[in-house]
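S.K.: In the working numbering, the protein residues as written are 2 to 380.
For every residue, glycine included, the Cβ atom is placed at its ideal position computed from N, Cα and C.
As the structure is a computational prediction, the values presented were derived from the model and not from experiment.
What follows is a structure written as structure tokens; I'll ask about it next.
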């Protein structure tokens, strides 16, 4: 399959390396085009990753593309995705998929009427990068819960405690509602609480707070939430960019065990800890590490995703999966800015938080000018 990478910043390199690694898993794919609003940056990326063609126009690359990887700032995701689906090109979008529920609902409509796929049977499909779902430990834990081996899920904590200095926000699209979509809730913690949802299932209610405590941004720099799930379990979720000792941590307490994951930007089986409950020593034998399994990361997600594209099957992460996670982000903002709990399904098309994560807005005032040129990236 011929692949185009749109947006050649830092995350694009991970995509290029993961696509090369697909060959070891029996998948033939090649990055044939690199596209960026900055022609020089596209050229440097192409030279570094041995990409035969590069330029500034997505429209010129699409006719020779089977799969589009969207690695631009979030504000440019929607238009690129819609153009690709209409052209019969599969789309893999970095997180967050888009800036709002309204935009994701537009993608869902576009996917249902997408053109026949250029490569493989069926029509073009959409998926979002949520690579932490695909580590061996996460897949094992989900399987044990599905089998009932660990009893009922009860309590969880989900912490994204990262640090971004003020200079990080000198990049003009960062820290803005209209180009990044939100602060750490949208751009950073979303990976961890996506994994939380993948393990504990659908959420039903959230109560949250958010604040701009230390960074000169329009968005929050920290948020905290309490989440209730359809199965009755409860979890706390913290998203911070103000934490000098960085860590990404999830803890899952079930009737028969505590299962913990501590890492930063990716994990292997070594990052998991399994503690059986008292009198449940047999449960410890269920946790069997797989040292040869792929760690969480883009390769682990791209292998089953490209296999699905090739066979015309549904990719392992669907637009509905992405929407459940994005809806939780919107609910965190709505609860934080209105002071009221939010239930799943409550944010409908007439709700301001459907159109923007800012919704009715926080009490603090904007501090940044709108960056120019974001819309040019897909031309």
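Could you tell me which of 109, 14, 88, 89 sits nearest to residue 98, measuring between CA atoms?
M.R.: The residue labelled residue 98 in the question sits at position 97 within the chain shown. Closest option to residue 98, Cα to Cα, is 109.
S.K.: By DSSP, does residue 1 sit in helix, in strand, or in coil?
M.R.: It is not possible to answer for residue 1, since the shown part of the chain is limited to 2 through 380.
S.K.: At which residues does the alpha helix (DSSP H) containing residue 345 begin and terminate?
M.R.: As a position in the chain shown, residue 345 is number 344, starting the count at 1. From DSSP, residue 345 is part of no alpha helix (DSSP H); its letter is neither H nor E.
S.K.: Could I get the ranges of all uninterrupted beta strand (DSSP E) runs contained in the stretch 36-124, with 3 residues as the minimum, in chain order?
M.R.: DSSP runs (the beta strand (DSSP E)) wholly in the stretch 36-124: 54-56, 68-71, 91-94.
S.K.: What do you get for residue 338, buried or exposed, if any count of 16 or more other CB atoms within 10 angstroms of its CB means buried?
M.R.: The residue given as residue 338 occupies position 337 in the chain shown. Buried, because 16 or more other Cβ atoms sit within 10 Å of the Cβ of residue 338.
S.K.: Are the CB atoms of residue 345 and residue 183 nearer to each other than 8 Å?
M.R.: As a first step, residue 345 is located in the chain shown; it is residue number 344 there, counting from the start. As a first step, residue 183 is located in the chain shown; it is residue number 182 there, counting from the start. Contact: no.
S.K.: Residue 216 to residue 69, Cα distance in whole Å?
M.R.: The residue given as residue 216 occupies position 215 in the chain shown. The residue given as residue 69 occupies position 68 in the chain shown. Looking at the two C-alpha atoms, the distance is approximately 34 Å.
S.K.: Ignore the nearest five residues each way along the sequence and tell me which others in residue 10's own chain have a CB closer than 7 Å to its CB.
M.R.: Translated into the one-based positions of the chain shown, residue 10 becomes position 9. 72.
S.K.: Closest by CA to residue 342, which one among 206, 53, 60?
M.R.: Start at 1 with the first residue of the chain shown, and residue 342 comes out as number 341. Out of 206, 53, 60, 206 has the C-alpha closest to the C-alpha of residue 342.
S.K.: Quick one: residues in its chain with C-beta nearer than 7 Å to the C-beta of residue 88, no 5 flanking neighbours on either side, listed in chain order?
M.R.: Your numbering for residue 88 matches position 87 in the chain shown. Result list for residue 88: 63, 116, in chain order.
S.K.: Which of the three DSSP states is assigned to residue 269 in this structure?
M.R.: Within the chain shown, the letter at position 268 stands for residue 269. Of the three classes helix, strand and coil, the one that applies to residue 269 here is coil, per DSSP.
S.K.: The alpha helix (DSSP H) that contains residue 154, what's its start and end?
M.R.: Translated into the one-based positions of the chain shown, residue 154 becomes position 153. Premise fails: residue 154 lies in the beta strand (DSSP E), 154-164, not in any alpha helix (DSSP H).
S.K.: If you measure from the CB of residue 341, is any heavy atom of the ligand SAM nearer than 7 Å?
M.R.: For the structure depicted, the ligand SAM is absent and the ligand set is empty, with no information on it obtainable.
S.K.: Between 77, 186, 36, which has its C-alpha nearest residue 336's C-alpha?
M.R.: Counting from 1 along the chain shown, the entry for residue 336 is found at position 335. Looking at the Cα atoms, 186 is the closest of the given residues.
S.K.: Counting Cβ pairs closer than 8 Å, one from the stretch 193-206 and one from the stretch 266-282, do we hit at least three?
M.R.: Touching, no, given that fewer than three Cβ pairs across the two stretches are closer than 8 Å.
S.K.: If contacts are defined as beta-carbon pairs under 8 Å, then residue 91 and residue 310 qualify, I think. What distance do you get, rounded to the angstrom?
M.R.: The residue you call residue 91 lines up with position 90 of the chain shown. The residue you call residue 310 lines up with position 309 of the chain shown. Yes, they are in contact, since the Cβ atoms of residue 91 and residue 310 sit about 5 Å apart, within 8 Å.
S.K.: Does the beta-carbon distance from residue 301 to residue 136 come in below 8 Å?
M.R.: Start at 1 with the first residue of the chain shown, and residue 301 comes out as number 300. Start at 1 with the first residue of the chain shown, and residue 136 comes out as number 135. Contact: yes.
S.K.: Express the C-alpha separation of residue 328 and residue 235 in angstroms, rounding to a whole number.
M.R.: By 1-based counting over the chain shown, the position of residue 235 is 234. By 1-based counting over the chain shown, the position of residue 328 is 327. Spanning the two alpha carbons is a distance of roughly 17 Å.
S.K.: Whether or not the stretch 249-259 and the stretch 120-128 are in contact is what I'm after, with contact meaning three or more pairs of Cβ atoms, one per stretch, closer than 8 Å; do they touch?
M.R.: Too few Cβ pairs lie closer than 8 Å, so no.
S.K.: Taking the continuous alpha helix (DSSP H) assigned at residue 336, which residues delimit it?
M.R.: As a working mapping, residue 336 is identified with position 335 in the chain shown. From DSSP, the alpha helix (DSSP H) with residue 336 extends over 320-339.
S.K.: Tell me the rounded alpha-carbon separation between residue 381 and residue 144.
M.R.: Not covered by the structure: residue 381. The range shown for the chain is 2 to 380.
S.K.: Alpha carbon to alpha carbon, how far is residue 312 from residue 121? Give it in angstroms, no decimals.
M.R.: In the chain shown, counting from the first residue as 1, residue 121 sits at position 120. In the chain shown, counting from the first residue as 1, residue 312 sits at position 311. Computed Cα separation, rounded: 6 Å.
S.K.: On a Cα-Cα basis, can you pick out the residue from 43, 227, 74 that is closest to residue 211?
M.R.: Against the chain shown, residue 211 aligns to sequence position 210. When only C-alpha atoms are compared, the closest one is 227.
S.K.: Please classify residue 95 as buried or exposed, where buried requires at least 16 neighbouring CB atoms within 10 angstroms.
M.R.: In the chain shown, counting from the first residue as 1, residue 95 sits at position 94. The residue is buried, with at least 16 neighbouring Cβ atoms inside 10 Å.
S.K.: Taking DSSP as the reference, what is the three-state secondary structure of residue 254?
M.R.: If you number the chain shown from 1, residue 254 lands on position 253. DSSP places residue 254 in strand when its eight states are reduced to three.
S.K.: What whole-angstrom Cβ distance do residue 350 and residue 361 have, given they're in contact under 8 Å?
M.R.: Numbered from 1 along the chain shown, position 349 holds the residue referred to as residue 350. Numbered from 1 along the chain shown, position 360 holds the residue referred to as residue 361. Going by Cβ atoms, the distance from residue 350 to residue 361 rounds to 16 Å, so no, they are not a contact pair.
S.K.: Evaluate residue 61 with the Cβ neighbour count: other Cβ atoms within 10 Å of its Cβ, from every protein chain shown; 16 or more gives buried, anything less gives exposed.
M.R.: Here residue 61 refers to the residue found at position 60 when the chain shown is read from its first residue. By the neighbour-count rule (16 or more Cβ atoms within 10 Å), residue 61 is not buried but exposed.
S.K.: On the DSSP letters alone, give me the boundaries of the beta strand (DSSP E) that residue 206 sits inside.
M.R.: Along the chain shown, read from residue 1 onward, the residue named residue 206 stands at position 205. Start and end: 204-212.
S.K.: Taking only three categories from DSSP, how would you classify residue 34?
M.R.: On the chain shown, position 33 is the one that residue 34 refers to. Strand at residue 34.
S.K.: Taking the alpha-carbon positions, what's the residue 297 to residue 29 distance?
M.R.: As a first step, residue 297 must be located in the chain shown, where it is residue number 296. As a first step, residue 29 must be located in the chain shown, where it is residue number 28. If you take the alpha carbons of residue 297 and residue 29, they lie about 21 Å apart.
S.K.: Measuring CA to CA, which of 114, 322, 359 is closest to residue 332?
M.R.: One-based indexing of the chain shown puts residue 332 at position 331. Nearest option by C-alpha distance: 359.
S.K.: Can you look up residue 382 in the DSSP assignment and give me helix, strand or coil?
M.R.: Shown here, the chain extends from 2 to 380; a query on residue 382 therefore has no answer.
S.K.: Which residues does DSSP pair with residue 129 in a beta bridge?
M.R.: Here residue 129 is taken as the residue at index 128 of the chain shown, counted from 1. Bridge partners of residue 129: 94.
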